[in-house]
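Numbering (the working numbering), first residue to last: 100 to 349.
Take a look at the structure below.
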Amino acid sequence: GQVPEIETSAKNGQGVDDLLNLILLLAEMEDLKANYQCPAEGVVLESHFGRLKGASISLLIKQGRLKVGDIVGTDSTYGRLKEILDWQGKDLKEALPSQPVKVLGLKSLPAAGEPFKVYSSLEEAQSQIKQKSLVTENVPLSAESPEKILKLILKADAFSSLEALQKIIHELKSADHIRILKTEVGDVNQNDVQMAAGSQAQIIGFRVKANPTALSLLKRTSAPLKSFLVIYDLLDYIREETEKLTKEKV
C-alpha cells in the first residue's frame, strides 16, 4: 500500500523516533516545503474562552512566519495578536510553518477548521469576515408548542465540546423531543437568559459559569440554568427531562 505503518507506544516511547524519522523521509521524498517569507496562513484547530484572557485560539501554521502584533483574520473574526504560546504555554515572538500555537488577541472565537491569514490592516481583515449565525436551528421563540418539546440553549467552554454535545444529543432516542435553539462558546450571559425566559427553554452549560449580569437576571426570571462538568451527567439530565415530558404528554 501507499500508507506506511509504524508501531508506537505513548506509554514507553516505543517507535516514536522511527515515526519522526519516517515523517522526515516522506517529506524529503515528496519535496514538501513551506514558504517562510510570505504572510502567515494556516487553519484553526480549536477555540476556547478563558475567564482571565478571553478568546484563546489554537492555530496550525502552513506558510509564513506568525509574529506578535500581526493582524490575523478568519472567516468569522479578526484581531491583532497580543500573545503567541507554544504547546507548553511558553511565550514566542514568532512561530514557523508546521508549528501548532495558541494565540490571544482575536475579538471572538472562530470555528475549528476555519482558515486564517495575516492582513496588512484591521480594516482589511474585518472586510473579509463572513456572516456567522449563532442560532443552529430556525425555531420561533414562542412559549406554545403543539408537542412536548425540550428546548435547549447550549453553552460550552470550547467549539469541540459544542460539536460533541450536539452530535450526541441528536443521537439520543428522545431526540425528536429536543430542540436546540442556540449554541455558543463562553459563559452564560444576559442574552441567553432573556432568550430562555422568552421561549421557555433551559440553559445547559458545560464547563462554563454565568456572568454577574446573567446571575442577577436569573433571579428575576423563571429561566432554568443547569451547569455540568461531566458530559455523561449532562446527558443523563437531558434524558430525565425528556422522559418527564413524554410521560406528561401521555
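All residues carry an ideal CB built from backbone N, CA and C; glycine is no exception.
- Might you give, ordered along the chain, the residues of its own chain that have their beta carbon closer than 7 Å to the beta carbon of Thr320, omitting 5 neighbours on each side? Translated into positions along the sequence shown, residue 320 becomes position 221. Excluding residues within five positions, the ones whose Cβ falls inside 7 Å are Val292, Ala296.
- Output the boundary residues of the beta strand (DSSP E) element that contains Pro214. Within the sequence shown, numbered from 1, the residue matching residue 214 stands at position 115. Note, Pro214: beta strand (DSSP E), 214-218.
- Straight-line Cα distance separating Gln162 from Gln198: The residue you call residue 198 lines up with position 99 of the sequence shown. The residue you call residue 162 lines up with position 63 of the sequence shown. C-alpha separation (whole angstroms): 10 Å.
- Own chain residues within Cβ distance below 8 Å of Ala211, not counting five before or after: By 1-based counting over the sequence shown, the position of residue 211 is 112. Only Val143, Leu144, Glu145, Ser146, Phe258, Ser259, Glu262 meet the Cβ criterion.
- With DSSP as the reference, please indicate the residues paired to Gln136 in a beta bridge. Counted from its first residue, the sequence shown places residue 136 at position 37. In the DSSP output, where bridge partners are listed per residue, Gln136 has none listed.
- Item | Continuous beta strand (DSSP E) assignments of at least 3 residues falling wholly in the region 134-200 | 140-149, 153-162, 170-172, 177-184
- Rounded separation between Leu180 and Leu191 - CA only: Along the sequence shown, one-based indexing puts residue 180 at 81. Along the sequence shown, one-based indexing puts residue 191 at 92. Leu180 and Leu191: Cα-Cα distance of roughly 12 Å.
- Between Ala133 and Pro196, is the Cβ-Cβ spacing less than 8 Å? Within the sequence shown, the letter at position 34 stands for residue 133. Within the sequence shown, the letter at position 97 stands for residue 196. Result yes, Cβ atoms of Ala133 and Pro196 sit closer than 8 Å.
- Return the first residue and the last residue of the alpha helix (DSSP H) that Ser315 is part of. Sequence index remark: in the sequence shown, residue 315 carries index 216 (1-based). Residues 311-319.
- Endpoints, the beta strand (DSSP E) within which Leu264 is located: Here residue 264 refers to the residue found at position 165 of the sequence shown. From DSSP, Leu264 is part of no beta strand (DSSP E) but of the alpha helix (DSSP H) over 258-269.
- Task: Name the two residues that bound the continuous alpha helix (DSSP H) containing Glu222.
- Result: As a working note, residue 222 is residue 123 in the sequence shown. 221-226 is the extent of the alpha helix (DSSP H) around Glu222.
- Query: For Glu283, which residues does DSSP report across the bridge?
  - Reply: Residue 283 sits at position 184 when you count from the first residue of the sequence shown. According to DSSP, Glu283 bridges with Lys254.
- Is the shortest distance between the beta-carbon of Lys152 and the beta-carbons of chain D less than 8 Å? No chain D is part of this structure, which consists of one protein chain only.
- Where Ser326 sits in the DSSP three-state scheme: Position 227 of the sequence shown, counted from the first residue, corresponds to residue 326. It is a strand residue.
- Message: Between Arg150, Pro311, Ser315, Asn288, which has its C-alpha nearest Ile303's C-alpha?
- Response: For the purposes of this step, residue 303 is identified with residue 204 of the sequence shown, where counting begins at 1. Checking every option, the nearest Cα to that of Ile303 belongs to Asn288.
- Give the secondary structure of Leu205 by DSSP, where H, G and I count as helix, E and B as strand, and everything else as coil. Numbered from 1 along the sequence shown, position 106 holds the residue referred to as residue 205. Correct three-state label for Leu205: strand.
- Message: Just to check my reading of the structure: Lys201 and Thr176 have Cβ atoms closer than 8 Å, yes? What is that Cβ distance to the nearest angstrom?
- Response: As a position in the sequence shown, residue 201 is number 102, starting the count at 1. As a position in the sequence shown, residue 176 is number 77, starting the count at 1. With 8 Å as the limit, Lys201 and Thr176 do not qualify as a contact, their Cβ atoms being about 15 Å apart.
- Task: Taking only the alpha-carbon atoms, compute the straight-line gap between Ser108 and Glu223 and give it to the nearest angstrom.
- Result: The sequence position of residue 108 within the sequence shown is 9, counting from 1. The sequence position of residue 223 within the sequence shown is 124, counting from 1. Cα-Cα distance, rounded: 46 Å.
- Message: Going by DSSP in three states, Gln289 sits in which element: helix, strand or coil?
- Response: What you label residue 289 is simply residue 190 of the sequence shown in a count that begins at 1. In this structure, Gln289 counts as helix in the three-state DSSP scheme.
- Between the beta-carbon of Ile252 and the beta-carbon of Met294, is there less than 8 Å? Here residue 252 is taken as the residue at index 153 of the sequence shown, counted from 1. Here residue 294 is taken as the residue at index 195 of the sequence shown, counted from 1. Cβ atoms of Ile252 and Met294: closer than 8 Å.
- Would you call Ser298 buried or exposed, if buried means 16 or more other Cβ atoms sit within 10 Å of its Cβ? Against the sequence shown, residue 298 aligns to sequence position 199. When all chains shown are included, Ser298 counts as buried.
- Query: Which partner residues of Arg278 appear in the DSSP bridge assignment?
  - Reply: Position 179 of the sequence shown, counted from the start, is the residue given in the question as residue 278. Answer is Lys250.
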